[in-house]
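Chains as they are written, first to last, in numbering that gives the first Met the number 0: chain A, 0 to 244; chain B, 0 to 294. Note that beta-carbon positions come from the ideal geometry of N, C-alpha and C, so glycine has one too. Quantities reported herein were computed from a predicted structural model and do not represent experimental measurements.
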Amino acid sequence: MVEAAPLIRPEAGTAELAVRDLHGWYDESHVLHGINFDVRPGEVVTLLGRNGAGKTTTLKAIMGILSKRTGSVRFMGRELIGLPARAIARAGIAFCPEERGIFSSLSVEENLMLPPTIRDGGLSRDDVLGIFPNLRERLQSQGTKLSGGEQQMLAIGRILRTGAKFLLLDEPTEGLAPVIVQQIGATLRTLKQRGFTIVLVEQNFHFAASVADRHYVVEQGRVIDEISDAELAANTEKLHAYLGV
Amino acid sequence: MFELLGIPPQALFGQLLLGLINGSFYALLSLGLAVIFGLLNIINFAHGAQYMMGAFLAWMLMTYFGIGYWWALLLVPIAVGASGVVIERLMISRLYHLDHLYGLLLTFGLALIIQGLFRNQYGVSGLPYTIPAELSGGTNLGFMFLPNYRGWVVLASLVVCLGTWFTIEKTKLGAYLRAATENPTLVGAFGINVPRMITLTYGFGVGLAALAGVLAAPIYSVNPNMGADLIIVVFAVVVIGGMGSILGAIVTGFGLGIIEGLTRVFYPEGSAVVIFVIMALVLLVKPAGLFGRTV
Ligand SMILES: Nc1ncnc2c1ncn2[C@@H]1O[C@H](COP(=O)(O)OP(=O)(O)OP(=O)(O)O)[C@@H](O)[C@H]1O
Ligand SMILES: [Mg+2]
Numbered sequence: 000m001v002e003a004a005p006l007i008r009p010e011a012g013t014a015e016l017a018v019r020d021l022h023g024w025y026d027e028s029h030v031l032h033g034i035n036f037d038v039r040p041g042e043v044v045t046l047l048g049r050n051g052a053g054k055t056t057t058l059k060a061i062m063g064i065l066s067k068r069t070g071s072v073r074f075m076g077r078e079l080i081g082l083p084a085r086a087i088a089r090a091g092i093a094f095c096p097e098e099r100g101i102f103s104s105l106s107v108e109e110n111l112m113l114p115p116t117i118r119d120g121g122l123s124r125d126d127v128l129g130i131f132p133n134l135r136e137r138l139q140s141q142g143t144k145l146s147g148g149e150q151q152m153l154a155i156g157r158i159l160r161t162g163a164k165f166l167l168l169d170e171p172t173e174g175l176a177p178v179i180v181q182q183i184g185a186t187l188r189t190l191k192q193r194g195f196t197i198v199l200v201e202q203n204f205h206f207a208a209s210v211a212d213r214h215y216v217v218e219q220g221r222v223i224d225e226i227s228d229a230e231l232a233a234n235t236e237k238l239h240a241y242l243g244v
Numbered sequence: 000m001f002e003l004l005g006i007p008p009q010a011l012f013g014q015l016l017l018g019l020i021n022g023s024f025y026a027l028l029s030l031g032l033a034v035i036f037g038l039l040n041i042i043n044f045a046h047g048a049q050y051m052m053g054a055f056l057a058w059m060l061m062t063y064f065g066i067g068y069w070w071a072l073l074l075v076p077i078a079v080g081a082s083g084v085v086i087e088r089l090m091i092s093r094l095y096h097l098d099h100l101y102g103l104l105l106t107f108g109l110a111l112i113i114q115g116l117f118r119n120q121y122g123v124s125g126l127p128y129t130i131p132a133e134l135s136g137g138t139n140l141g142f143m144f145l146p147n148y149r150g151w152v153v154l155a156s157l158v159v160c161l162g163t164w165f166t167i168e169k170t171k172l173g174a175y176l177r178a179a180t181e182n183p184t185l186v187g188a189f190g191i192n193v194p195r196m197i198t199l200t201y202g203f204g205v206g207l208a209a210l211a212g213v214l215a216a217p218i219y220s221v222n223p224n225m226g227a228d229l230i231i232v233v234f235a236v237v238v239i240g241g242m243g244s245i246l247g248a249i250v251t252g253f254g255l256g257i258i259e260g261l262t263r264v265f266y267p268e269g270s271a272v273v274i275f276v277i278m279a280l281v282l283l284v285k286p287a288g289l290f291g292r293t294v
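So this is what it looks like as structure tokens:
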């Protein structure tokens, strides 16, 4: 892949997740053109980029939901390319989809308890309800009867129970009121303190700035830049240009 | 004796009972179809043949091995369900990425093959299967005479249907099934082995058909066409209840059996078509079926 020389070549080794030259397709349409990035243990890293840049597709390719993919995704030293999604989940990665994926035929409680525990050390049901108290009164409701914000809390909360310490969160703040965005931001900082590693897809870069250590900019299926949180202020204009805001 | 609209009560209750019996089979069979359709998105056209296999296997166990009804009730659904597991693994699972029509065509072809094989071997005349001794005879209920075996069929069907409904709607296993019906990709991304769940679900649905076959063996004559005749009505039941709705399949199954029985009392000429008339009306008014989710 000489013609698509990636701009970012992070060092491997210390990374918990190392993505190298990741290509992905929807049927015949080639969407990811060599994604490269690293996530170190305990970090919160964001993927920023415009609509259609390939952020969601990147998460789906890591998670094995996008089956047509090539390149390398190493998680704790283990190659994930070629594994089915269920094996990747069992390896310790949990995924919260952009559309939230709350099941309408399940109650809130059933939604919360659905993802199986893959290892010890996950949050308990009560821990999750402690973080998201709104859910407690609604446990018997139909999952999709919750408000958008509550559904997002449920979507995040249920994957915290599994014991997976590596989270892929796709635009958890999309379409939510500022007060709920703040609550989710606080939650992510708590999770970071508890040792979770998080890859966060975001369009809201103020939110991203408030929680993340580093930011990768995705454009047309490639990672075109990396900005640490400390450099963010100095790079606002560049970022605005990337994101077209 | 009192009469209701000029109908002697014995005739009324007799037809009601017959309706309940037919309804028991409609419910069991449409339940299996609904469970399979929910998760596999395939209309299992082999369902009638698998019901027939159930009855035949019970007959064969009895005739060749002297294994009686009660063991058949346990062994036959397991054996026929296992054949379903093999069929799903070897054939149906290769079609999921194609249009649903292919699954329908495959299972339809399988039904023809299975029925053909049995017809070759056993001809079309019915084979007798005796009612187990424990359930022979009948009970006088005062207002009517209830053959014990028929009462048993209604009871067994009710228990199996409600047990299945409870498992799917109220248990953790059922929550997995409902979730995978809605969004199999996400359920897989939670670490659950969805393909295996699909295989076992098909096996379970097929096992239900075989169980209905065993229950039917002492009532209807065991013959290769018994499923083909019944399954057309059952498809109408499924359409009326709503594709994939568990409770819908059960309620509609019993309900239509009873309606059919009543029609036989009050307007015998209409009894053969009443279910199809209702199907047409339901399709006009509520195309998703009485219990179907309108998406
Ligand atoms: N199911 C699909 N089939 C075909 N093409 C798709 C599919 N989903 C996404 N795409 C295309 O892939 C490209 C990347 O989409 P993706 O959803 O990854 O973008 P994104 O960065 O997540 O955008 P957004 O910020 O809008 O969520 C887009 O051009 C999109 O049109
Ligand atoms: Mg997206």
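query, result
"Own chain residues within Cβ distance below 8 Å of Gly269/B, not counting five before or after", "Thr262 and Val276"
"Opening and closing residue of the alpha helix (DSSP H) in which Phe265/B lies", "Ile245 to Phe265"
"Continuous alpha helix (DSSP H) stretch holding Ser23/B: start and end", "Pro8 to Leu39"
"Residue from Gln120/B, His46/B and Phe165/B whose Cα sits closest to the Cα of Leu103/B", "His46/B"
"Around ligand 2, Cβ to any heavy atom closer than 7 Å, ordered along the chain", "Lys54/A, Thr55/A, Glu97/A, Asp169/A, Glu170/A and Val200/A"
"beta-carbon Gln202/A near ligand 1 non-hydrogen atom, thresh 7 Å", "yes"
"Local conformation of Thr69/A per DSSP, three classes", "strand"
"Helix, strand or coil at Asp119/A [DSSP, three-state]", "coil"
"Met112/A vs Asn133/A beta-carbon contact at 8 Å", "no"
"Bridge-paired residues (DSSP) for His32/A", "His22/A"
"Enclosing alpha helix (DSSP H) for Asp228/B [first to last residue]", "Met225 to Gly240"
"Val123/B: CB within 7 Å of a non-hydrogen atom of ligand 1", "no"
"Residue range of the unbroken alpha helix (DSSP H) whose run includes His46/B", "His46 to Phe64"
"DSSP beta-bridge partners of Asn139/B", "Phe144/B"
"Check: Val30/A C-beta below 7 Å from any heavy atom of ligand 1", "yes"
"Cα-Cα separation, Ile77/B to Gly194/A", "48 Å"
"Residues near Ile6/B by beta carbon distance below 6 Å, same chain, minus five either side", "Val264"
"CB contact below 8 Å: Thr166/B versus chain A", "no"
"Beta strand (DSSP E) segments (min. 3 residues) lying fully within the stretch 73-146 of chain B", "137-139 and 144-146"
"Residue(s) in a DSSP beta bridge with Tyr215/A", "Leu46/A and Glu225/A"
"Proximity of Gly190/B and Gly241/B at Cβ, strictly below 8 Å", "no"
"Start and end residues, alpha helix (DSSP H) containing Val213/B", "Val193 to Ala215"
"As assigned by DSSP and simplified to three states, the class of Phe165/A", "strand"
"Counted within 10 angstroms of its Cβ, other Cβ atoms place Trp58/B as buried (16 or more) or exposed", "buried"
"Three CB pairs or more closer than 8 Å across the stretch 83-93 of chain A and the stretch 180-194 of chain B", "yes"
"Per-residue burial, Glu15/A [other beta carbons within 10 Å of its own, 16 or more giving buried]", "buried"
"Exposed unless 16 or more other CB atoms sit within 10 angstroms - verdict on Leu122/A", "buried"
"Ala52/A Cβ short of 7 Å to ligand 1 heavy atom set", "yes"
"Ligand 1 heavy atom lying under 7 Å from the CB of Gly241/B", "no"
"Thr56/A in three-state terms, based on DSSP", "helix"
"Listed by chain order, chain A residues near Ile191/B by CB distance under 9 Å", "Arg85, Ala88, Leu113, Pro114 and Pro115"
"Between the CA atoms of Val107/A and Glu47/A - distance to the nearest angstrom", "Sequence inspection shows Leu at residue 47/A; the Glu mentioned does not correspond to that position. For Leu47/A and Val107/A, the distance between alpha carbons rounds to 31 Å."
"Check: Tyr25/A C-beta below 7 Å from any heavy atom of ligand 1", "yes"
"Limits of the unbroken alpha helix (DSSP H) element including Leu159/A", "Gly147 to Leu159"
"CB contact below 8 Å: Leu105/A versus chain B", "yes"
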